[in-house]
Amino acid sequence: MWAFIHKLGSPKWFYGISAKLQPWFWAAAALLLVTGSLWGLAFAPADYQQGNSFRIIYVHVPAAFLAQSIFISMAVSGLVFMVWKIKVADMAAAVMAPLGAAMTFVALFSGAVWGVPTWGTWWMWDARLTSMLILLFLYLGVIALRGAFTSRDSASRAASVLAMVGVINIPIIKYSVDWWYTLHQPATFTLTSRPTMPIEMWLPLAIMVLGFYSFFIALTLMRTRSEILRREANKRWVHDLVKGRVEETR
Amino acid sequence: MAFDSISQFLAMGGHAPYVWSAWGITALLLVTIVWHARAEHRQLLNGVKRRVRRERARSAGASQVPPNAARFNSVKGGMRDDA
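Protein chains in written order, with our numbering: chain A, 180 to 429; chain B, 3 to 85.
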């Protein structure tokens, strides 16, 4: 187990294994997103109350799931980095933040746009909406904090601490719809009960959610590899890695 | 199929501005993110390649690389020397 963790923490090993895993996640993401989009946009039946505006759910819910999951992943990576000093965990946390911020923005934007025909307003200082806005600011804070230090180690530690502290916002987002009276409806999917939507509506949603998660994994693998190249540009193994290609281009 | 024609599909039962703007922004962001990640990776690989080539040239002593040219290259390649 320990040997595995340390192997996983080696940038060289990670660079190799992620190259093999990456294409599978990209392929899964493309397949799931295309299928889910076509199904959700053109084939799922219109909602009897909301009509076709409900089709926004197929981007809104997956983005909101991912926004929260990415923050948790970032906090866990931060913890792993702080406790075991595993640099790859910090590199992964660094590349996750911008995608998390983008997904939070998508959830907020699609929610606002959906709110106009459904609630008659694009924004309310409702508990769910406000806690998601705080999530966006936390992501921006983590990104800014990382850029605010000249020493990379200080930047990594500060960003890890903010991610670990900020993760308290995740249960607040999740339970906001139960704790307070909100305009936002309660959870669409729960692990404990059957979906209240008909299958031809929730199946494409499940496909979109899986597609978004595959996208996240594929992108994180790819960008962590880039981050390894950036930070290890002086290392011999990186040089040996590209030497083959250098010969060809000469 | 929930729609009878392409024009009905595009109209989204009068909800076209909402549905298409939400989907459009999402698609645009995902595509931009992938495009950026690819460009970033390519740029960093090229930076390492340049570095390797420069070191080889230096050790061979065949060509004299001016120190400021070397610095320019490393900045262009997105390399940080504090790594």
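Ideal Cβ placement from N, Cα and C applies to all residues, glycine included. Remember, it's a predicted structure, so these values are computed and weren't measured experimentally.
DSSP places A/Asp305 outside both helix and strand once states are collapsed to three, so it counts as coil. Here the region 386 to 404 of chain A makes no contact with the region 328 to 345 of chain A; the two share fewer than three CB pairs at distances below 8 Å. Spanning the alpha carbons of B/Ala59 and A/Leu400 requires a straight line of approximately 33 Å. Cβ atoms of A/Pro350 and A/Ala223 stay farther apart than 8 Å, at about 31 Å. Exclusion of the five residues before and after A/Gly215 leaves Pro383, Ile386, Met387 and Gly390 as the residues of its chain whose Cβ lies within less than 6 Å of its Cβ. Counting other Cβ atoms within 10 Å of its Cβ, A/Ile265 reaches 16 or more and is therefore classed as buried. Taking the C-beta atoms as reference points, A/Leu315 is found nearer than 8 Å to A/Ala280. For the pair A/Ser256 and A/Ala271, the CB atoms are nearer than the 8 Å cut-off. The beta-carbon distance between A/Phe368 and A/Leu245, rounded to whole angstroms, is 14 Å. This is too long to meet the 8 Å contact definition. In the DSSP assignment, A/Met270 falls within the unbroken alpha helix (DSSP H) covering Lys266 to Trp298. Residue contact with chain B for A/Ile235: present (Cβ-Cβ distance below 8 Å to some residue of chain B).
The Cβ atoms of A/Ile235 and A/Trp298 do not sit closer than 8 Å to each other.
A/Lys422 belongs to the set of residues whose beta carbon lies under 8 Å from a beta carbon in chain B.
If you check the CB distance, A/Met311 and A/Thr283 come in under 8 Å. Straight-line measurement puts the Cα of A/Thr375 at about 28 Å from the Cα of B/Gln10.
A/His239 sits buried, since 16 or more C-beta atoms from the chains shown fall within 10 Å of its C-beta.
In this structure, DSSP gives A/Asp332 a helical state, which the three-state scheme calls helix. Looking at A/Thr403, A/Arg415 and A/Gln201, the one whose alpha-carbon comes closest to that of A/Ala268 is A/Thr403. What A/Ser232 touches in chain B, judged by beta-carbon distance under 7 Å, is His17, Tyr20 and Val21, going in chain order.
Every alpha helix (DSSP H) of 4 residues or more that sits fully in the region 193 to 278 of chain A is shown, in chain order, as 236 to 263.
Secondary structure note for A/Pro377: it is in no alpha helix (DSSP H), with a DSSP letter that is neither H nor E. Taking 8 Å as the cut-off, the Cβ atoms of B/Val50 and A/Ala412 count as close.
Close to B/Gly49, with beta-carbon spacing below 9 Å, are these residues of chain A in chain order: Leu408, Arg409 and Ala412.
A direct Cα-to-Cα measurement between A/Lys422 and B/Leu46 gives close to 14 Å. At a cut-off of 8 Å between C-beta atoms, A/Pro296 counts as an interface residue with respect to chain B. At least 8 Å separates the beta-carbon of A/Val321 from that of A/Glu406. CA-to-CA, the gap between A/Leu217 and A/Leu324 works out to about 40 Å. Residue contact with chain B for A/Val292: present (Cβ-Cβ distance below 8 Å to some residue of chain B).
Boundaries of the alpha helix (DSSP H) harbouring B/Leu12: Ile8 to Ala13, taken from the DSSP string. Judged by DSSP secondary structure, B/Ile27 falls within the alpha helix (DSSP H) whose first and last residues are Ala18 to Ala62. Taking A/Trp301 as the centre and dropping the five residues before and after it, the same chain places the C-beta of Ala291, Gly294 and Val295 closer than 6 Å to its C-beta, in chain order. For A/Phe204 and A/Leu398, the gap between their C-alpha atoms comes out near 9 Å. Nearest neighbour of B/Pro19 by Cα position, chosen from A/His418, A/Asn231 and A/Asp226, turns out to be A/Asn231. Proximity to A/Ser333 across A/Val417, A/Pro190, A/Met261 and A/Trp358 peaks at A/Met261, based on C-alpha coordinates.
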